[in-house]
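The structure appears right after this line, and notes come after that.
Number of protein chains: 2
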Amino acid sequence: MTTMQDVATRAGVSAKTVSRVFNDDPHVTEDTRERVQSAMRELKYVPNMLARTFREGKSAVIGIAVPDVADPFFAAVTKGIELAAREHDMAIVVTSLGDNPSLEQSIIESTVRRQIDGLIIAPIATDQSYLSRWQDSFPIVFIDRIPTKLNADYFVEDDFGGAFEATQHLIAHGHRRIAIVGDSTDVPTTRLRLEGYRAALDDAGLENDEELIALGSRDTDAAAQVCKNLLALPDAPTAIFSSNARFSTGVFPALQALNRTDIALISFGDFPMADVLQPSVSVIDQDPRQVGRVAAERILARIAAPTKRFRRKNVIPVKLIERQSCQSVRAPSASAAMQ
Amino acid sequence: MTTMQDVATRAGVSAKTVSRVFNDDPHVTEDTRERVQSAMRELKYVPNMLARTFREGKSAVIGIAVPDVADPFFAAVTKGIELAAREHDMAIVVTSLGDNPSLEQSIIESTVRRQIDGLIIAPIATDQSYLSRWQDSFPIVFIDRIPTKLNADYFVEDDFGGAFEATQHLIAHGHRRIAIVGDSTDVPTTRLRLEGYRAALDDAGLENDEELIALGSRDTDAAAQVCKNLLALPDAPTAIFSSNARFSTGVFPALQALNRTDIALISFGDFPMADVLQPSVSVIDQDPRQVGRVAAERILARIAAPTKRFRRKNVIPVKLIERQSCQSVRAPSASAAMQ
DNA sequence: AAAATCTATGTCATCGATGACATGAGTTGC
DNA sequence: GCAACTCATGTCATCGATGACATAGATTTT
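Next up, the structure:
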């Protein structure tokens, strides 16, 4: 590993002068500059960023913590963050939080030790108060899910609005018995989506049948099972609102396996191939890449202007993409109910 | 930011003693240890990893460079690497190389400056000789694509074998005119898959019709277009071998749009929802998570035993997952040709 | 009892780059 | 001709943690 001192010796100057050349300090003669530069080339000098950033106390790194990097939604968010970060020569350190909320804090702490300059987190636990001690060391931005027991910037999708619109859409297509499938209401996102769902039903004067509220699934397979159970009910739903994209990839195959593609389906969150499935699946689209970008830009803005005030709570609008999965009224009981 | 010195002052000892307590050095009296520990707690001391790793010259970070983090294949690879890395308390710095080969080197260099302890790369350029200068600083492992103009460890899927098997599978189902769709043959991976395809045709005594070799697409949309052109040929193919998963997500919708799901399709690389499409798509499965894990383990093994010798070239077997998309002979011309 | 050994703790230097400040040579102005 | 400046370059200290080595008591060995 070549250091500045090595280059300095080779060029017959002091390390400081090499530093000056490297940082384009104007107070260096053309002659010296050239000698240093060729020494750098000969020795293939590559700066040790660790040394520089350690001195600055910063690392030029944005930490990212999401439930799962391999999830298409978070993968796209990560991409958005990366592209924004690169424009400022910052790198990203990515961490998956997994699905065990009790590990969140320790995973985050091991990231924080690396002196990150900012943290973007989509939390899985129900208490982020442990983050407060770092709030004046570096900016923290929440995405997808709002912080709990902590005040911090966040960028979330319009969970309530999207769920409301999705449910309303199903109602407009004649459905009266609409189920909601999703994970636990411990997740604020899910809670809001449930509220949106309820509000839409209320708005239409429809009953909130608790039997149709099938939340609490832990993974895709569980969601598929829940879906099967719903359809086995005496008074089964004619439509399903899947409150997150990951579970939709479980619900859809389940419907297909039961040969019940007559059941309408709408998904909160687009997912790969949703547009070419048969029937193609209507979704509430969230534009994850954009979420990543705005979160990264907020981090960068806060780094650049630590005292400036910003809007804490940011709700990103979502968009209904209508496809086939709830286009026609396929539910006989629903049309009967309309009379 | 609390430093060891702060803790030391609070506990009335020297920084070194704090360091000893932190690193479980046995030469500390129980009394001192407790005093230091409670000082740490009171001051919420979090070690500055940057300082420690800077001193060691290492960063406890594995760099990952892939064409696109948001691609499901590479997202899964990344996850595999992350899980293996975490077991050794290492973090991952992820970078997307994009699709401009001329940027590869500079993107890698900015990652290397961070004193990474290892690099896992799925390259996009056709010359990695620039990496040679770091080969004795830290281990480098290639995945998915073999290095060009450089000797380094690699873990690739069995491109030739997988393509051979896929093509043979189509042939076994009665297809005689089989097209191959994919990106440029500049990509070694694609070249090998083309060879596997050709070998299978040769084996079966079938002609290699250059008209059916439709490589060189740059993205998903281009692949879709190529697919349309193929079907417009006077003597159109009855089956398509899509040489990568990303393009399959373009080819499938194209077939669907043309209402030509009678055309058999097999994809090199599984992709989300491939199993629930109609028809579900047969694939050559690569197990990206495992690729990530073995690559990470190699990096860790090389760090642990720098002089030990390892197998450089590693080919990971692939597995044909048979689904509906080429189950039955739907190609009339093919069955006619069999007579 | 002196010497050898061990124990708990401290002091100092170090990793690489870079700010603060110093130095010495050259230039300008009166 | 010398003060006042400018400019190129050097020296030193620093960031936080930690190895190498030192020291001062306590304990054991002979």
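Sequences listed follow chains A and B, in order.
Everything in the first sequence is counted per the numbering used here, starting at 517 for the first residue and increasing by one.
Everything in the second sequence is counted per the numbering used here, starting at 517 for the first residue and increasing by one.
Heads up, the beta-carbon is just placed ideally off N, CA and C, and yes, glycines get one too.
(1) Considering only their Cβ atoms, is the gap separating R809/B from D669/B smaller than 7 angstroms?
(2) Quickly, what does DSSP pair N830/A with across the bridge? List them, please.
(3) Where does A820/B sit, in a helix, a strand or coil, going by DSSP?
(4) Going by alpha carbons, who is nearest to R557/B out of R571/B, D522/B, D587/B?
(5) Using the three-state DSSP reduction, which class does F680/B fall into: helix, strand or coil?
(6) Do you know whose CA, among A682/B, M517/B, R536/B, lies nearest V834/B's CA?
(7) Between P750/A and chain B, is any beta-carbon pair separated by less than 7 angstroms?
(8) Along the chain, where does the alpha helix (DSSP H) containing V767/A start, and where does it finish?
(9) Shorter than 7 angstroms from the beta carbon of E575/B to some beta carbon of chain A?
(10) Candidates P655/B, D615/B, S622/B: which alpha carbon is nearest I910/B's?
(11) Measure the C-alpha to C-alpha separation of F654/B and I756/A and round it to an integer number of angstroms.
(12) From the DSSP secondary-structure annotation, give me the bridge partner or partners of F491/B.
(13) Going by the DSSP bridge assignment, what does I636/A pair with across the sheet?
(14) Considering only DSSP beta bridges, list what S612/A is partnered with.
(15) With respect to the beta strand (DSSP E) encompassing V697/A, which residues constitute its N-terminal and C-terminal limits?
(16) According to DSSP, is S554/B helix, strand or coil?
(17) On the three-state DSSP scale, how would you describe L836/A?
(18) By the criterion of Cβ-Cβ separation under 9 angstroms, what are the contact partners of T736/A in chain B?
(19) Does the distance from the C-beta atom of P788/B to that of V792/A stay below 7 angstroms?
(20) Below 8 angstroms CB to CB, which residues in the same chain sit around D674/A once its five sequence neighbours on both sides are set aside?
(21) Looking only at C-alpha atoms, which of D652/B, T545/B, L710/B, G785/B sits nearest to F763/B?
(22) Closer than 7 angstroms, CB to CB, is P583/A near chain B or not?
(23) Three or more C-beta pairs under 8 angstroms: does that hold for the region 733 to 743 of chain B against the region 694 to 701 of chain B?
(24) State the Cα-Cα distance for the pair D540/B and Q553/B, rounded to the nearest angstrom.
(25) Spell out a yes or no on whether the region 588 to 604 of chain B and the region 567 to 586 of chain A are touching, meaning 3 or more CB-CB pairs, one atom from each, closer than 8 angstroms.
(26) What residues in its chain sit with their C-beta under 7 angstroms from that of K574/A, if we drop five residues either side in the sequence?
(27) Work out the CA separation of L559/B and R814/A for me, nearest whole Å.
On the basis of the coordinates in this document:
(1) As a working mapping, residue 669/B is identified with position 153 in the second sequence. As a working mapping, residue 809/B is identified with position 293 in the second sequence. Not in contact: D669/B and R809/B (Cβ atoms no closer than 7 angstroms).
(2) Numbered from its first residue, the first sequence carries residue 830/A at position 314. N830/A pairs with F671/A.
(3) Looking up residue 820/B in the second sequence gives position 304. If DSSP states are grouped into helix, strand and coil, A820/B belongs with the helices.
(4) Residue 557/B sits at position 41 when you count from the first residue of the second sequence. Measuring from the Cα of R557/B, the nearest candidate turns out to be D522/B.
(5) What you label residue 680/B is simply residue 164 of the second sequence in a count that begins at 1. Three-state result, F680/B: helix.
(6) Position 318 of the second sequence holds residue 834/B. Per the Cα distances, A682/B.
(7) Translated into the one-based positions of the first sequence, residue 750/A becomes position 234. No, no contact with chain B.
(8) On the first sequence, residue 767/A is found 251 positions in, with the first residue counted as 1. That run of the alpha helix (DSSP H) goes 761 to 773.
(9) Start at 1 with the first residue of the second sequence, and residue 575/B comes out as number 59. Reading off the sequence shown, one finds Ser at residue 575/B, where the question assumed Glu. At least one chain A Cβ lies under 7 angstroms of S575/B.
(10) This structure does not reach residue 910/B, given that chain B is present from 517 up to 855, and the question cannot be answered.
(11) In the second sequence, counting from the first residue as 1, residue 654/B sits at position 138. In the first sequence, counting from the first residue as 1, residue 756/A sits at position 240. Between F654/B and I756/A, the C-alpha separation is close to 52 angstroms.
(12) No information on residue 491/B is available, as it lies outside the stretch 517 to 855 that chain B covers here.
(13) Looking up residue 636/A in the first sequence gives position 120. In the DSSP output, where bridge partners are listed per residue, I636/A has I580/A, V657/A.
(14) Locating residue 612/A in the first sequence gives position 96, counting from the first residue. Answer is V582/A, bridged to S612/A.
(15) By one-based count along the first sequence, residue 697/A stands at place 181. Looking at the DSSP string, the run of the beta strand (DSSP E) that includes V697/A is 694 to 697.
(16) Taking the first residue of the second sequence as position 1, residue 554/B is located at position 38. Helix.
(17) By one-based count along the first sequence, residue 836/A stands at place 320. Three-state result, L836/A: strand.
(18) Position 220 of the first sequence, counted from the first residue, corresponds to residue 736/A. Within 9 angstroms Cβ-Cβ: nothing; T736/A doesn't reach chain B, min ~11 angstroms.
(19) Your numbering for residue 788/B matches position 272 in the second sequence. Your numbering for residue 792/A matches position 276 in the first sequence. Cβ atoms of P788/B and V792/A: not closer than 7 angstroms.
(20) In the first sequence, the residue the question calls residue 674/A occupies position 158. Result list for D674/A: V831, I832, P833, V834, in chain order.
(21) For this step, residue 763/B is matched to residue 247 along the second sequence. Comparing Cα positions, the closest option is G785/B.
(22) Sequence index remark: in the first sequence, residue 583/A carries index 67 (1-based). With 7 angstroms as the cut-off, P583/A does not count as an interface residue toward chain B.
(23) yes
(24) Locating residue 540/B in the second sequence gives position 24, counting from the first residue. Locating residue 553/B in the second sequence gives position 37, counting from the first residue. Each residue's alpha carbon lies about 11 angstroms from the other.
(25) yes
(26) Reading the first sequence from its first residue, position 58 is the one you call residue 574/A. Within the same chain, K574/A has close Cβ partners Q631, D633.
(27) Working through the first sequence from its first residue, we reach residue 814/A at position 298. Working through the second sequence from its first residue, we reach residue 559/B at position 43. Cα-Cα distance, rounded: 29 angstroms.
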